[in-house]
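Scroll down for the structure; my scribbles are underneath it.
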């Protein structure tokens, strides 16, 4: 069951089995995920929704291999990653996952090009190949002529484009987007969402966290979280 | 491939440091001064001991020098009363020493008398050294003009004199003076040669060659000037009888030096009631001087080492602050997939680059300061390869050691928390 071939376009790329995440906050135990089971197919576009404290961020951290679950199983591309150590999780993020964040999370001191090249640096690409890739990605997300700028010289929309380009540099299996339009005005937000939709149409699996319904409307499936449980799932299938 | 990666990492580290030029410079400052002071102190220490060591070397490491010395109990009496002090080495001592040891290669008796000398119009007090031709084998020195003393002079008891460069110049003696007469005391000598002088004083031993020496055959010195000298000081006159002032002995091999010296001392002791002689062994002095030098270097080095330590702590402090400041950057790198070890590597490279560059600048200072000391204070300083490479190596190590803790702190940053960090 865990050895399913990931090649089929409808294969499950992500599966959570009764996942629990418990935080110890001083003496209090917070059950951020209270036994969640769900699976996402390759090439799907999911929006994880819910009010703050519903567990949607925890869900995304676990799916993005940034955090470990307390109990249950997490199968990523047919591989149980629940018990991997820190180095293996880093390796997973490096090779298979991409992230974009609400606050862009670019490294301010580095140029746009260097920011985009960052995953390639850790992948051990040589400088020349990295530069080529960065240029290609810059073109793809609409950053022509901005590669030598610093993040501070860019608009919010441009910064998020840099973040998308960086997230795509390693050609990830899944692109995670944590409130990607939260710091942008509506028009710019729409543009960024358009980029995400296009990427999804090109076959990229996208998992987006948002609390806004009109943003979530761009996704094909919506997963509503509440108090650590999945409240409901709806979708366009 | 791996090497290229290391070079690239170092280059990225340098780039990162260049983004904060002022901070990097301030961070380096401690190491700059630390390394600078280590290099400077080592070179001053090295310079101070080098001169002494050279002087001792000049005495010959295979030599033993026996000198006449006023016995301690005699000092008080002879200065107040006007009676004759008899002390020191005798001709018999010389004969006994020269004959009794198979380890002795050659031995030279030395008689020292200060005499007013006159060459034409010029007068100067010279130090008359009565000795044998062997002297010039034991203490080799280049001939400027003429010749040195020969065995014929000894046999003929010829009144010939060999001047030393410095003294010769003072009384205007040149190569044209060879063959002319010089008046030493009341007696007339023929100038037969001029030799180069290498003067100086080393520790407490009188170096056997001085700048105003004039060499004459010892038998001639004895015949003309006798063994008694009179020195007149305000109100009193002081008469001394000293047969020989020094006996210089060359031993055949270095390992025999100390045993021979002990033998000579024991032999002379048997014939002297008082301790009116002193046996000095340059080799022993050399060992002692080297020992002193080593201790001196350790003390100076530790003092300078403390400033290096302070420099290292400075680096650690600023790097810790940097880690806090760069928490978000670390979080981003971790989220993208950087392993903990790679974060550690990044910070370690930055600190080692900092401390190594600081070390290089420090070496610049450390080389500059001693040359300034030499230039302005006239103190000799010597920069050895060790005094450069040791501090550089230590500073690189300090970068790693003091960078380790901040780097580990950086690696412990939780990416989820870091990404929320403002």
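Chains as they are written, first to last, in our numbering: chain Y, 100 to 336; chain H, 324 to 745.
A virtual CB, placed ideally from N, CA and C, is assigned to each residue, including glycine.
Do residue 256 of chain Y and residue 291 of chain Y have their beta-carbon atoms positioned less than 8 Å apart in this structure?
Going by C-beta atoms, residue 291 of chain Y is nearer than 8 Å to residue 256 of chain Y.
Three-state secondary structure (DSSP) at residue 132 of chain Y?
Of the three classes helix, strand and coil, the one that applies to residue 132 of chain Y here is strand, per DSSP.
Can you determine whether any heavy atom of the ligand SAM sits closer than 7 Å to the C-beta of residue 466 of chain H, and answer yes or no?
This structure does not include the ligand SAM; it has no bound ligands of any sort.
For a test of the three-state rule: what should DSSP assign to residue 503 of chain H, helix, strand or coil?
Coil.
If we define contact as Cβ-Cβ less than 8 Å, is residue 179 of chain Y a contact residue for chain H?
Closer than 8 Å: no.
For the beta strand (DSSP E) holding residue 615 of chain H, just list the boundary residues, first then last.
Where residue 615 of chain H is concerned, there is no enclosing beta strand (DSSP E), although the alpha helix (DSSP H) it sits in stretches over 605-648.
Tell me the DSSP bridge mates of residue 112 of chain Y?
The partner list for residue 112 of chain Y (beta bridge, DSSP) is empty, contrary to what the question assumes.
Please report the Cβ distance between residue 565 of chain H and residue 411 of chain H, rounded to the nearest whole angstrom; I am assuming they are in contact, meaning their Cβ atoms lie under 8 Å.
Between residue 411 of chain H and residue 565 of chain H the Cβ distance is about 4 Å, and since that is below 8 Å, they are a contact.
Below 7 Å between beta carbons is the criterion; list the residues of the region 348-365 of chain H that meet it against any residue of chain Y, in chain order.
For the region 348-365 of chain H, there are no residues whose beta carbon sits under 7 Å from a beta carbon of chain Y.
At which residues does the alpha helix (DSSP H) containing residue 352 of chain H begin and terminate?
Taken as a continuous stretch (DSSP letters only), the alpha helix (DSSP H) holding residue 352 of chain H covers 344-382.
Taking only the alpha-carbon atoms, compute the straight-line gap between residue 325 of chain Y and residue 199 of chain Y and give it to the nearest angstrom.
About 23 Å.
Can you give me the Cβ contacts of residue 331 of chain H inside the same chain, cut-off strictly under 8 Å, excluding the 5 residues immediately before and after it?
Nothing meets the Cβ criterion.
Span separating the alpha-carbon of residue 603 of chain H from that of residue 375 of chain H
Distance from the CA atom of residue 603 of chain H to the CA atom of residue 375 of chain H, rounded to whole angstroms, is 15 Å.
Residue 198 of chain Y bridges to which residues according to DSSP?
According to DSSP, which records beta bridges pairwise, residue 198 of chain Y is partnered with Y:275.
For residue 477 of chain H, which of helix, strand or coil comes out of DSSP?
In the structure shown, residue 477 of chain H sits in a helix (DSSP, three-state: H, G or I).
For residue 363 of chain H, which residues in the same chain have their Cβ closer than 7 Å to its Cβ, ignoring the five residues on either side in sequence?
For residue 363 of chain H, same chain residues with a beta-carbon under 7 Å away, outside a window of 5 residues either side, are 689, 692 and 693 in chain order.
Does any C-beta atom of chain H lie closer than 8 Å to the C-beta of residue 113 of chain Y?
Judged by the 8 Å Cβ criterion, residue 113 of chain Y is not in contact with chain H.
Spell out the partners DSSP gives residue 334 of chain H in its beta bridges.
Partner(s): none; residue 334 of chain H has no beta bridge.
For the candidate residues Y:219, Y:254, Y:202 and Y:316, whose alpha-carbon lies nearest to that of residue 741 of chain H?
With distances taken between Cα atoms, residue 741 of chain H lies closest to Y:202.
Excluding the 5 residues preceding and the 5 following residue 583 of chain H in the sequence, name in chain order all residues of the same chain whose CB lies nearer than 8 Å to its CB.
If the five residues before and after residue 583 of chain H are omitted, its C-beta is found closer than 8 Å to the C-beta atoms of 387, 424, 426, 427, 572 and 574, all from its own chain and listed in chain order.
Quick check on the burial criterion: 16 or more other C-beta atoms within 10 angstroms. Buried or exposed for residue 251 of chain Y?
For residue 251 of chain Y, the number of other beta carbons within 10 angstroms of its own is below 16, and it is reported as exposed.
Identify, in the order they occur along the chain, each residue of the same chain with its Cβ nearer than 8 Å to the Cβ of residue 498 of chain H, setting aside the five sequence neighbours on each side.
Non-local C-beta neighbours of residue 498 of chain H in its own chain, meaning closer than 8 Å and more than five positions away in sequence, comprise 467, 468, 469 and 517, ordered along the chain.
Same chain only: Cβ atoms within 7 Å of residue 341 of chain H, ignoring 5 sequence neighbours per side
Nothing listed; no residue qualifies.
Which of the residues in the region 222-252 of chain Y, read from start to end, lie with their CB under 9 Å from any CB of chain H?
For the region 222-252 of chain Y, the set of residues with a beta-carbon nearer than 9 Å to any beta-carbon of chain H comprises 222, 223, 225 and 226, in chain order.
Interfacial residues, the region 640-666 of chain H to chain Y, with Cβ spacing under 8 Å:
Correct list: 651, 652, 654, 655, 656, 657, 658, 659, 660, 661, 662, 663, 664 and 665.
Is the beta carbon of residue 337 of chain H sitting closer than 8 Å to the one on residue 646 of chain H?
Not closer than 8 Å, so no.
Residues of chain Y with CB under 8 Å from residue 739 of chain H, in chain order?
Per Cβ cutoff of 8 Å: 160, 165 and 166.
From residue 725 of chain H to residue 668 of chain H, what does the alpha carbon distance come to, in whole angstroms?
Between residue 725 of chain H and residue 668 of chain H, the C-alpha separation is close to 13 Å.
So, is the C-beta of residue 175 of chain Y closer than 8 Å to a C-beta in chain H?
By this cut-off, residue 175 of chain Y is not an interface position.
With DSSP collapsed to three states, give me the class of residue 559 of chain H.
The DSSP-derived three-state label of residue 559 of chain H is strand.
Per DSSP, what kind of secondary structure is residue 665 of chain H in: helix, strand or coil?
Here residue 665 of chain H sits in helix by DSSP.
Can you give the beta carbon distance from residue 370 of chain H to residue 702 of chain H, rounded, assuming they're within the 8 Å contact cut?
Between residue 370 of chain H and residue 702 of chain H, the beta carbon gap of about 6 Å places them in contact (Cβ cut-off 8 Å).
Please report how far the alpha carbon of residue 220 of chain Y lies from the alpha carbon of residue 356 of chain H, in whole angstroms.
Rounded to whole angstroms, residue 220 of chain Y to residue 356 of chain H spans 36 Å at the Cα level.
Identify which residue in Y:276, Y:268 and Y:283 has its Cα closest to the Cα of residue 254 of chain Y.
Looking at the Cα atoms, Y:283 is the closest of the given residues.
Along chain Y, in chain order, which residues have C-beta atoms closer than 8 Å to that of residue 632 of chain H?
Taking a Cβ-Cβ cut-off of 8 Å, residue 632 of chain H has no neighbours in chain Y, whose nearest Cβ is about 30 Å from it.
Closer than 8 Å to chain Y by CB, residue 342 of chain H
True, the Cβ-Cβ gap to chain Y drops below 8 Å.
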